[in-house]
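Notes follow the structure.
Numbering (our numbering), first residue to last: 654 to 882.
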């Protein structure tokens, strides 16, 4: 199906969304996932992360997959999400099973939200923000807020930072698109200026983060996710 998502972000490294949807369905069979994990060579792994070619919480068996992995692996589970479906109780239940949730927030207003993230109709930013706040108050794991700054939203860094402080995540990941895509990244100087607005929160800037070695389970699959093949 290609990229399946609730957003069509202007900066997405995977490219344009093939199917813009809010409908949850099964994309990967649990036996297939377990088969792939069971043949992994010995690796030092910090997290087994759900990212996907699109939005991971669109998988209606996400919770079942997390449970299945925890039965055979000792590593912690992380989920990258664009936050769009976090208002749903079934999605929250699935995410509660993980150890680390990295939630996206790129805007402070509906106008900028639609400009940068290009969501499917009827997703309201206020609902997304409230859902992240409620999730944080009930989640026993680690929550990070991931914010992608580009030319279109950099002028609203203060307003986005104020929302971030209300959410009070365990960390904030300040990004700009360094991987190949249609949008130019902000220079390091701009991101350093933006960082000042988030004072009081634990900040990880993409320009300062230590790049960890990543060992892909499937080289071809990883290249596809990154839009290289």
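We put the beta carbon where it would ideally sit given N, CA and C, even for glycine.
All values derive from a computational prediction rather than experimental measurement.
Asked	Found
Burial state of residue 692, where buried means 16 or more other Cβ atoms lie within 10 Å	exposed
Opposing strand residues paired with residue 659 [DSSP bridges]	DSSP lists no partner for residue 659.
DSSP three-state assignment for residue 708, whether helix, strand or coil	coil
Cβ contact check for the region 710-719 and the region 675-687: 3 or more pairs under 8 angstroms	yes
Three-pair Cβ contact test at 8 angstroms for the region 728-738 versus the region 760-768	no
With 16 other Cβ atoms within 10 Å as the buried cut-off, status of residue 742	exposed
Residue 802 - DSSP class collapsed to helix/strand/coil	coil
Spatial distance of residue 698 from residue 832 (CA atoms)	23 angstroms
First through last residue of the beta strand (DSSP E) which encompasses residue 754	753-757
Outcome for residue 826 when other beta-carbon atoms lying within 10 angstroms are tallied against a minimum of 16	buried
6 angstroms CB neighbourhood of residue 710 in its chain, flanking five on each side removed	734, 738 and 744
DSSP-derived helix/strand/coil call for residue 766	helix
Where the beta strand (DSSP E) containing residue 734 begins and where it ends	729-734
Chain-order list of residues whose beta-carbon lies under 6 angstroms from that of residue 810 (same chain, five-residue window excluded)	847 and 850
Outcome for residue 708 when other beta-carbon atoms lying within 10 angstroms are tallied against a minimum of 16	buried
Same chain only: Cβ atoms within 8 angstroms of residue 700, ignoring 5 sequence neighbours per side	728, 729, 730, 731, 752 and 753
Residue range of the unbroken beta strand (DSSP E) whose run includes residue 825	824-828
Separation of residue 722 from residue 687, as counted between CA atoms	7 angstroms
Host beta strand (DSSP E) of residue 703 (start-end)	700-703
Nonlocal neighbours in the same chain, by C-beta distance under 8 angstroms from residue 841, ignoring five residues either side	860
Residue 817 to residue 798 span [Cα, whole Å]	7 angstroms
Cβ distance (whole Å) where residue 778 is taken to contact residue 762 below 8 angstroms	7 angstroms
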